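Please read the structure below before turning to the comments.
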Amino acid sequence: MASVVTQPADVVKTHIQVRPSHCSTAGAVRLLFWPFLQEYGMAGFFRGAVPRSLRRTLMAAMAWTVYEQLRNTLDQQLIIDEYG
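In our numbering, the protein residues as written are 395 to 478.
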């Protein structure tokens, strides 16, 4: 959900990074926002949202898996150390 909400800001940030010479001023977001909206419409701000959401979902799943495995291993180690 958060990936979809922050997708427009990520698209603008990416365009600023890709074209630094065109967007080197402090008002780069404002300078890029309206032309981008006119050229691509609102849908343009959500291009790439599905792959980004899938990537973040997979990263979170891997992080939770590693956390749970590490926690189980440490719990077992503590039980072995405590009860011998």
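Ideal Cβ placement from N, Cα and C applies to all residues, glycine included.
Note that the structure is predicted; figures quoted are calculated from it, not measured.
With a threshold of 16 other beta carbon atoms within 10 Å, Val405 meets it and is buried. DSSP places Met395 outside any alpha helix (DSSP H), giving it a letter other than H or E. Looking at the backbone, the Cα of Ala457 and that of Arg450 are separated by about 10 Å.
Taking 8 Å as the upper bound for CB-CB distance, Ala443 and Gln411 are not in contact here, some 18 Å apart.
If the five residues before and after Leu426 are omitted, its C-beta is found closer than 7 Å to the C-beta atoms of Val406, His409, Ile410, Cys417, all from its own chain and listed in chain order.
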